[in-house]
Amino acid sequence: MAPRYKDGDAVAIVNGKWVSWAHTFFAYAAFLSALVVGMSLHFRKIVQNEHYGYPDEWFPSVSATIGDRYPERSFFQVFIAITSGPRFALVFLWYLLTARPHSRLPKFVAGTGLLRTFMCGGWTYVTSTDDHDWHDIFMISYLVATLPWTVGCIALSPNNRRAVKYRKIIAGTFFGTLVPLVYFFIQHKVHKIAGGKYIAIPESDTPAFANVGFILAYTIYAFFEWSLVLTDVAFDAVTALDFEGFELVVRDVKGVSRGQLKTATDAVLEKKKGSPVANTFGEGFFWTEVMDAAADVYNAFVFWSMLTSISLLIWYFPLWHMGISGYEATILVCISPFLLLVPSLRSAATKNLRLLHLLSLSGLLAYKVHEPVGRLLVNTFSVGWGFLAWSATFYAERAQTTRLESRITAWAIGFIMSTVAKFAFRTNNPIWPTMHAENGGWNKLGLFLAVLAVLRSTRSSRVSGGDYLPAGGKNGSSVLAGISLGGLIFALHSLLSDSSTMISWVWEGYPVRGPIAVPHGALTIFMMGAGLVYGLFHPTVAKSWTAFGIGSLGAAFLTCKSHWTGFYGGLTLAFYLFAVTPVLLSSAVRHPPGITFGIGSVVYIFLVLFHVWVVAYAFVPGGHLVREHTDWIMATMMLAIGAGVFSASISKPPRSKAKPIVNPNGRRQRSYYVYVLAALQLLSVSIAYLRFPTNDYTPYHKDDKVATFGIWTIHFGLDNDMWSSELRMRDVIKELEIDVIGLLESDNQRIIMGNRDVTQVLADELGMYADFGPGPNKHTWGAALLSKFPILNSTHHLLPSPVGELAPAIHATLDMYGEMVDVVVFHSGQEEDPEDRRLQTEYLSDLMGSSPRPLVLMSYLVTKPLEGNYNTYVSERSGMKDIDPTDWDRWCEYILYKKLHRTGYARVSRDTITDTEIQVGKFVIGEPEPEEEIRLPEEMVPQGRRFPSMFRGQGVRGHRYHVFDEPRYWQ
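Each residue of the sequence shown is one higher than the last, beginning at 41 in the numbering used here.
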């Protein structure tokens, strides 16, 4: 039992030596863990210096180990941060041990110790990679302060023979090491002698000694540097012998440890007694109920994952048919809630919720079906059961407002979880039927967790009783309530199912003047969660017309404005949509579910088709009536939600003299869902940090000043077998060493394309800058630009299209090896609209002709070589030349250029990734165009100007040089 003192109880006693041992342990752990991890993961990289690498150098310096690479740098910084606490305590205890009346030396030594600690933090967290000069300043200051610290500690040492002896030995070793350290550093830095070079010793009679020598320069310098670290820490470890006489005592003078003081949380909850916050968080905490909430949320996550994937699967078929395919009819499965109009079916559904939810998991098995049609049908089956299951679930809980709120909250948080999952997986959902193990899917794990979640979520009722609302009162209109559900589901799906969708709406190119997908996607997710919490705690405000007006204003700003202004409108809309979600669903369950949820599904389907028609007007009946009217969609969506607000505002519960019975356990139900939501919010912030762009944008042939350009129509990132194709695209682009590539048919930020962005995966994986545009609210099929070179400026163009589909173009200026070069990525209109293509040809030719800089066009022109519009694109008007006028077998893709030295051109087959090949061209930047075009055989072409040989013959994975079976080169 701890001894008692007159000022209170001693609740903890620690011997002073443990301060020294803690300091020693964590300091050594910091350096040695970084060394072990670095040698294991990046051995050749951390032994590399400005002059030599392995095998000339084979042991890393301290700076290279702790500051150059992840994750060893993180290991070091975490442990050294932990060391700071014991370090400050060590300096404090040393001062207490050595302080003498009227003596200034202990104060000076203690001040020096504090200075060394701060300087250590300086060179630890400002690494040589971050800022070499400041790293050296902090390091040198640390070494300078070490001298008075060491001498002062020896001078003030207590009369402890062992401690004094060890200090002198370690200090002598430390300062003795400085001499060879400086010598070998000069050998490396000035004389540039490699660490692995040997000075030969005359041959010996013993063969074993024939090649023995000694190592010079940086490697041996590294050994001495590490010796300094070890001895420096060891010197301070000796204080353990002096601190054995100290005890650190924690005394309780106010009874805090006996619970006599209230916590700040207790005070707040007492002050707010009776408020929604106090009722939510004022109860106990049980992990089992957290698991219940998590199961409900995951069950909803699966529903939203399947719903957001069905349109993507449907899109595959009209994409290949270039028109209505018939498979679009499968979207009608969403009207399954109409089955609840039949009383017997409604009763059976509410009594068999577990079965319904288990049937809805069938879509998680769709990835096992290779044939696209079969996969669509399995997913369709899943979505139909999912709509029915959740409609029946909400209706079944209508008499228990606590349970109903829990289900509604789980449904909303499940949607947020699906958005977070797409944020983590770069706009693909890992459990979609378009994903499998080969392209990054987590289908098996998703199915396993889903089964567990359904079994737990649908087990017997956890909360008995409730505050039942008897029949009567005023419930508003069931039709209006149903319309609002359709508008709400569409709004969530179209705008918020991916955190980067609204960002793509307001993006206008470089320089960056607004949000970017990472990290600002986390802001979208935060506003979604904040809106939901606000709607739960303040439903009266959420269903007010003032809130609706603010939400509508946000929708208007998102639709009409760009950059941050438009994004702020989008954030406002996101907040409002989630705030009003509990209100609209709570209102809807007061009506017959077959009517409200059935009408809601019809309105949702209508808005989805409306959403498709505005961009696909050239391929659908009556499309011209809604051509380019996203503003109409937004207005219709908000009017639909307003209908639900009106219905909810006139609803009044029946009057009752009896006081509602509220289950005490229901008070804390809300808190568990808020905890799950908070965990998702923290996860989204972590994802934003981990995904923040830190790429190496170095071109493939920097020393040769060669730039490889490519053009590829990627069919919206779905391959011929309906799998997401980003990783396969990444591999071939990397292997072809493409520095700048234009991607066409690349805008996936719509419901039918899954609200995806293929440029995020490719830019992250390939280390490239990305530009995409015009945005999805500009009604094109999209163009994108990926570049290893900095994009100085970019402008998005909508070319004249009076009849057919809109033609997008990106005109960008790149900094290529110090020279400004323009690039244009362009997708022309369809063959059926010749007048559109003529106007587009003239517009683009004038645009290219107006540029005074070297320029490369990567395009989809829909013309034959040397015929028709080709002669306007390649003309004095545009100033452009064809990369290979003799290539007669082209119809769509072309690479044109001016004021550049073209050296190579190739056509590469696409395998099953898309329906269009890759065309690539090589240019040398900074060299003038040759006056005469001379074809060269490959053996006469410098290595840095050649295309990779791996694509010759049969190539790799279905990619090979084709048409003329090999690249073409020019002088």
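C-beta atoms are modelled at their ideal positions from N, C-alpha and C, and glycine is treated no differently.
Which of helix, strand or coil DSSP assigns to residue i
i	result
residue 573	helix
residue 754	coil
residue 853	strand
residue 479	helix
residue 745	coil
residue 951	coil
residue 662	coil
residue 567	helix
residue 196	helix
residue 1009	strand
residue 945	strand
residue 276	helix
residue 669	coil
residue 709	helix
residue 963	strand
residue 242	In this prediction, residue 242 has a pLDDT of 37, which is less than 50 and means its spatial position is unreliable; what the coordinates show is noted afterwards. Residue 242: coil per DSSP, three-state reduction.
residue 922	strand
residue 63	helix
Residue burial classification, residue i (beta-carbon count within 10 angstroms, cutoff 16)
i	result
residue 987	buried
residue 210	buried
residue 962	buried
residue 193	buried
residue 674	buried
residue 600	exposed
residue 127	buried
residue 684	buried
residue 789	buried
residue 916	exposed
residue 554	buried
residue 931	exposed
residue 739	buried
residue 413	exposed
residue 848	buried
Beta-bridge partners of residue i, as assigned by DSSP
i	result
residue 848	838
residue 812	824
residue 899	866 and 934
residue 860	855
residue 55	287
residue 171	DSSP output for residue 171 lists no bridge partner at all.
residue 796	788
residue 50	291
residue 102	BP columns for residue 102 are empty, so no partner.
For residue j and residue i, the rounded distance between their alpha carbons
i	j	result
residue 346	residue 928	46 Å
residue 522	residue 405	31 Å
residue 971	residue 924	16 Å
residue 946	residue 798	24 Å
residue 289	residue 139	20 Å
residue 568	residue 215	60 Å
residue 540	residue 977	47 Å
residue 503	residue 387	Unreliable placement is indicated for residue 503, whose pLDDT of 39 sits below 50; no coordinate value is reported for it.
residue 366	residue 645	16 Å
residue 160	residue 205	26 Å
residue 340	residue 806	34 Å
residue 229	residue 812	In this prediction, residue 229 scores a pLDDT of 49, lower than 50, which makes its location untrustworthy; no coordinate-derived value is stated.
Neighbour flag for residue i against chain C, beta carbons, 8 Å
i	result
residue 668	The displayed structure is made up of one protein chain only, and chain C is not part of it.
Any non-hydrogen atom of the ligand HEM within 7 Å of residue i CB
i	result
residue 349	The ligand HEM is not among the ligands present in this structure, which contains no ligands whatsoever.
Task: Cβ contact check for the region 924-943 and the region 892-904: 3 or more pairs under 8 Å - done: yes
Open item on the list: Contact between the region 773-781 and the region 416-425 is defined here as three or more beta-carbon pairs at a separation below 8 Å; is this criterion met?
Closed with: no
Task: At least 3 beta-carbon pairs within less than 8 Å: the region 886-895 vs the region 849-867 - done: yes
TODO: Mind the definition here: the region 547-562 touches the region 593-612 only if three or more C-beta pairs lie below 8 Å; say whether that holds.
DONE: yes
TODO: Report yes or no: do three or more beta-carbon pairs, one from the region 657-669 and one from the region 354-371, lie closer than 8 Å?
DONE: yes
Open item on the list: Quick test of the definition: if touching needs 3 or more C-beta pairs under 8 Å, does the region 751-769 touch the region 466-477?
Closed with: yes
Task: Three-pair Cβ contact test at 8 Å for the region 526-542 versus the region 584-593 - done: no
- [ ] Evaluate contact between the region 60-68 and the region 118-133, counting only Cβ atoms and requiring at least three cross-stretch pairs below 8 Å.
- [x] yes
Task: Touching by the beta-carbon criterion (3+ pairs, under 8 Å), the region 708-720 and the region 648-656 - done: no
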